[in-house]
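A.B. asks: Structure below; questions to follow.
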């Protein structure tokens, strides 16, 4: 069998070569298909995948017909090299002829290759449907999960739910876990539908298919924050404590954010202290939530104090942290300090974004001087 056109180009002189078959013949080597497969297998195990492709390209001209093992080694090499289109061609043309192919591994690698590595979950879903309908092969649960995560990352929740329905349908019946549940909840929150996220969680619980962990509960708490359901969020955390679940810095940060949004500054501070007393070290997100909360209330003294504590603990602020600090300065009318901080951030090599610029412009508006010299220096 000759190579597909794109594969033929891969066998050019630019590839690292094993000795051509013609040279081996002149040296007295009489190749059989078994010996060819052994050589291909050796090259594959040695991770010389380009050499596998090159050697395969010589079989047709030397009148050696590959068998299922030959094609299997070639497809494996193509997948390892992320040449997914060529691998797809061979899988579609050879799979039905070769019952001893490692079909599940091929389909998993191909679907994940397009869906994850190429960031093309649409193509991955098409292949998944082909696999389920035509080949009778059942991909791994991880393949389904990876496609769900890919669609969630793109904000395409309709497709994410479509994959989830395939995953849990009668033909597959894979259970889904906290990774899938939390991903879907976060996905609905990202597209501005936290109420759907909560309903999804409730349906999962009613089905009896899920035992939530701290990751899933954190995603649910974020949904309550977005919906303004502060009391429900607090009840959720208290129930977690009763269950004996270990809270982490991410959940505490989310909980503290809820207190800030509800105007409970001192209670937010108490929850921060509770977190520290439990031996949970605040991370960049934790400190940023605190800094942002107090900045919005104009408590610059506390903001500066948290920044110093953050740096003392070896936790590095990011652009969001510094933007929150600048907001605090601007709220107190200290535009010059905000601008100095902006220059310091630039000097540190941190890439500023449109939100930081918008904060400075808003600060100038609050000051009532859109012609401020500092603003002209931003140009």
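In full-length UniProt numbering, the protein residues as written are 1 to 379.
Virtual Cβ for every residue (Gly too), placed ideally from N, Cα, C.
Using a Cβ-Cβ cut-off of 7 Å (strictly less than) and excluding sequence neighbours within five positions of residue 223, which residues of its own chain qualify?
C.D. replies: Taking the first residue of the chain shown as position 1, residue 223 is located at position 223. Cβ neighbours of residue 223 beyond the five flanking positions: 185, 189, 194, 197 and 198.
A.B. asks: Buried or exposed: which applies to residue 96, given that a residue is buried once 16 or more other Cβ atoms fall within 10 Å of its Cβ?
C.D. replies: In the chain shown, residue 96 corresponds to position 96, counting from 1. So residue 96 ends up on the exposed side.
A.B. asks: Flag this pair as yes or no: are the beta carbons of residue 254 and residue 218 separated by less than 9 Å?
C.D. replies: In the chain shown, residue 254 corresponds to position 254, counting from 1. In the chain shown, residue 218 corresponds to position 218, counting from 1. Their beta carbons are under 9 Å apart, which means residue 254 touches residue 218 by this criterion.
A.B. asks: Assuming residue 37 contacts residue 73 under a Cβ cut-off of 8 Å, what Cβ separation, rounded to an integer in Å, is found between them?
C.D. replies: Walking along the chain shown from the start, residue 37 turns up at place 37. Walking along the chain shown from the start, residue 73 turns up at place 73. 7 Å between Cβ atoms; contact.
A.B. asks: For residue 315 and residue 283, what's the separation of their Cα atoms in angstroms?
C.D. replies: Taking the chain shown and counting its residues from 1, the one referred to as residue 315 is at position 315. Taking the chain shown and counting its residues from 1, the one referred to as residue 283 is at position 283. C-alpha separation (whole angstroms): 6 Å.
A.B. asks: Keeping to the same chain, check which residues put their C-beta closer than 6 Å to that of residue 215; ignore five residues upstream and five downstream.
C.D. replies: By one-based count along the chain shown, residue 215 stands at place 215. For residue 215, where only same-chain residues beyond five positions count, the Cβ hits under 6 Å are 178 and 182.
A.B. asks: In angstroms with no decimal places, state the Cα-to-Cα distance between residue 205 and residue 211.
C.D. replies: Position 205 of the chain shown, counted from the start, is the residue given in the question as residue 205. Position 211 of the chain shown, counted from the start, is the residue given in the question as residue 211. Using only the alpha carbons, I get a separation of about 8 Å.
A.B. asks: Can you tell me which of 249, 158 and 231 puts its alpha carbon nearest to the alpha carbon of residue 200?
C.D. replies: Numbered from 1 along the chain shown, position 200 holds the residue referred to as residue 200. It is 158.
A.B. asks: Considering residue 237, what are the terminal residues of the alpha helix (DSSP H) in which it resides?
C.D. replies: Translated into the one-based positions of the chain shown, residue 237 becomes position 237. Taken as a continuous stretch (DSSP letters only), the alpha helix (DSSP H) holding residue 237 covers 230-243.
A.B. asks: Note the first and the last residue of the continuous alpha helix (DSSP H) segment covering residue 54.
C.D. replies: The residue you call residue 54 lines up with position 54 of the chain shown. Looking at the DSSP string, the run of the alpha helix (DSSP H) that includes residue 54 is 49-57.
A.B. asks: Leaving aside the five residues before and after residue 365 along the sequence, list all residues of the same chain whose C-beta is less than 8 Å from its C-beta, in chain order.
C.D. replies: Position 365 of the chain shown, counted from the start, is the residue given in the question as residue 365. Counting only Cβ-Cβ distances below 8 Å, and skipping sequence neighbours, we find nothing.
A.B. asks: Span of the alpha helix (DSSP H) holding residue 196?
C.D. replies: As a working mapping, residue 196 is identified with position 196 in the chain shown. Counting along the chain, the alpha helix (DSSP H) containing residue 196 begins and ends at 194-207.
A.B. asks: What does the alpha-carbon distance come out to for the pair residue 11 and residue 225?
C.D. replies: Reading the chain shown from its first residue, position 11 is the one you call residue 11. Reading the chain shown from its first residue, position 225 is the one you call residue 225. Note that residue 11 has pLDDT 49, beneath the 50 cutoff, so the model's placement of it is unreliable and the number below is only indicative. Roughly 57 Å between the two C-alpha positions.
A.B. asks: Could you name each continuous alpha helix (DSSP H) segment of 4 residues or more that falls completely within the segment 49-123, going from the start of the chain to the end?
C.D. replies: Counting only runs of 4 or more, we get 49-57, 68-80, 84-94 and 103-112.
A.B. asks: Determine the direct distance from the alpha carbon of residue 106 to that of residue 91, and round the result to whole angstroms.
C.D. replies: Position 91 of the chain shown, counting from 1, holds the residue named residue 91. Position 106 of the chain shown, counting from 1, holds the residue named residue 106. Rounded to the nearest angstrom, the two C-alpha atoms are 8 Å apart.
A.B. asks: Roughly how far, in whole angstroms, is the beta-carbon of residue 291 from the beta-carbon of residue 324, given that I think they are within contact range, below 8 Å?
C.D. replies: As a working note, residue 291 is residue 291 in the chain shown. As a working note, residue 324 is residue 324 in the chain shown. Correct: roughly 5 Å between the Cβ atoms.
A.B. asks: Given a cut-off of 9 Å, decide if residue 160 and residue 152 are closer than it, judged by their beta-carbon atoms.
C.D. replies: The count along the chain shown starts at 1 and reaches residue 152 at position 152. The count along the chain shown starts at 1 and reaches residue 160 at position 160. The answer is yes: Cβ separation under 9 Å.
A.B. asks: Given a threshold of 16 other Cβ atoms within 10 Å of its Cβ, counted over all protein chains shown, does residue 108 qualify as buried or as exposed?
C.D. replies: Within the chain shown, residue 108 is the residue found at index 108, counting from 1. Buried: at least 16 other Cβ atoms inside 10 Å.
A.B. asks: What's the C-alpha gap between residue 331 and residue 299?
C.D. replies: The count along the chain shown starts at 1 and reaches residue 331 at position 331. The count along the chain shown starts at 1 and reaches residue 299 at position 299. The alpha-carbon atoms of residue 331 and residue 299 are separated by roughly 9 Å.
A.B. asks: Thinking residue 67 and residue 43 are a contact (beta carbons under 8 Å), I'd like their distance in whole angstroms, please.
C.D. replies: In the chain shown, counting from the first residue as 1, residue 67 sits at position 67. In the chain shown, counting from the first residue as 1, residue 43 sits at position 43. 17 Å between Cβ atoms; not a contact.
A.B. asks: Does DSSP put residue 315 in a helix, a strand or coil?
C.D. replies: Reading the chain shown from its first residue, position 315 is the one you call residue 315. Coil, per DSSP.
A.B. asks: With residue 303 and residue 328 assumed to form a contact (beta carbons below 8 Å), what rounded beta-carbon distance in angstroms separates them?
C.D. replies: Taking the first residue of the chain shown as position 1, residue 303 is located at position 303. Taking the first residue of the chain shown as position 1, residue 328 is located at position 328. Contact holds; Cβ gap of about 5 Å.
A.B. asks: What residue range is occupied by the uninterrupted alpha helix (DSSP H) comprising residue 266?
C.D. replies: The sequence position of residue 266 within the chain shown is 266, counting from 1. First-last of the alpha helix (DSSP H) with residue 266: 265-277.
A.B. asks: Since residue 81 and residue 49 should fall inside the 8 Å C-beta cutoff, what is the C-beta to C-beta distance between them, to a whole number of angstroms?
C.D. replies: In the chain shown, the residue the question calls residue 81 occupies position 81. In the chain shown, the residue the question calls residue 49 occupies position 49. The pair is a contact, with the Cβ atoms about 5 Å apart (cut-off 8 Å).
A.B. asks: Assuming the contact rule is C-beta atoms closer than 8 Å, residue 115 and residue 150 should be a hit. Round their C-beta distance to whole Å, please.
C.D. replies: Position 115 of the chain shown, counted from the start, is the residue given in the question as residue 115. Position 150 of the chain shown, counted from the start, is the residue given in the question as residue 150. Right, their Cβ atoms sit about 5 Å apart.
A.B. asks: Rounded to whole angstroms, what's the CA-CA distance from residue 118 to residue 265? Just pull it up for me.
C.D. replies: Taking the chain shown and counting its residues from 1, the one referred to as residue 118 is at position 118. Taking the chain shown and counting its residues from 1, the one referred to as residue 265 is at position 265. The alpha-carbon atoms of residue 118 and residue 265 are separated by roughly 45 Å.
A.B. asks: To which residues of the same chain is residue 141 closer than 6 Å at the C-beta, ignoring the five residues directly before and after it?
C.D. replies: Numbered from 1 along the chain shown, position 141 holds the residue referred to as residue 141. Counting only Cβ-Cβ distances below 6 Å, and skipping sequence neighbours, we find 174.
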